[in-house]
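Chemist: Below is one structure. I have some questions about it.
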Amino acid sequence: MSFCPNTLGILKIPSALYIFYFAYKIAKSKPQDLESNSNNDSLGFFNAFFLQLINVKIILYVITIHISFVLPYYQSLFIQVLLCFILLSLGIVEWLLWVIASIGLKNFLVKHYKITNLTMAILLTLSAIEILIDQYN
């Protein structure tokens, strides 16, 4: 940053303009009518389920938990495999809870899209204004 000390200040202006544009697009947007789409590109339950099995975050979660909390305390192969299945079961329960919460959130956002979009647009506008005010202080 020593070669161009005002780089951050220069980048704040187009960033704020983009946030204003984004807020405008959100304020004017309406929910998509999923039933009217003739080209339904949904994965389906089983494809999404198998996609989650190779999810890198879940694999890293299991490896981290296993290395940090299972291996140092349990040497028995049976206990290690049992704890891996328990971790897998907890992961599936967490995934199902996430799906249920997502469905509820989607229904809420579709039902109240005007107030939700307006609230998000106002918050984005306030963020852009704060960026610009911070630019000149």
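For the sequence shown, our numbering gives the first residue as 5, with consecutive numbering after it.
Ideal Cβ positions, reconstructed from N, Cα and C, are used throughout, including at glycine.
(1) Quick one: what's got a C-beta closer than 7 Å to N121's C-beta in the same chain, skipping five residues either side?
(2) Can you give me the C-alpha to C-alpha distance between K16 and I133, rounded to a whole angstrom?
(3) How about A27 and Q139: do their beta carbons lie closer than 9 Å?
(4) From the DSSP output, in three-state form, read off L130 for me.
(5) May I ask which residues mark the beginning and end of the alpha helix (DSSP H) holding V60?
(6) Determine, using beta carbons only, whether I69 and L91 come nearer to each other than 9 Å.
(7) Check whether the Cβ atoms of C88 and V74 sit closer than 9 Å, and answer yes or no.
(8) Give the secondary structure of E39 by DSSP, where H, G and I count as helix, E and B as strand, and everything else as coil.
(9) Quick one: does the C-beta of N51 sit closer than 8 Å to a heavy atom of the ligand SAM?
Modeler: In short:
(1) I30, A31, S33
(2) 11 Å
(3) no
(4) helix
(5) 60-69
(6) yes
(7) yes
(8) Below a pLDDT of 50, predicted positions are generally treated as unreliable, and E39, at 46, falls in that range; the measurement from the model is reported next regardless. Looking at E39 - three-state DSSP - the assignment turns out to be helix.
(9) You won't find the ligand SAM in this model; it holds no ligand whatsoever.
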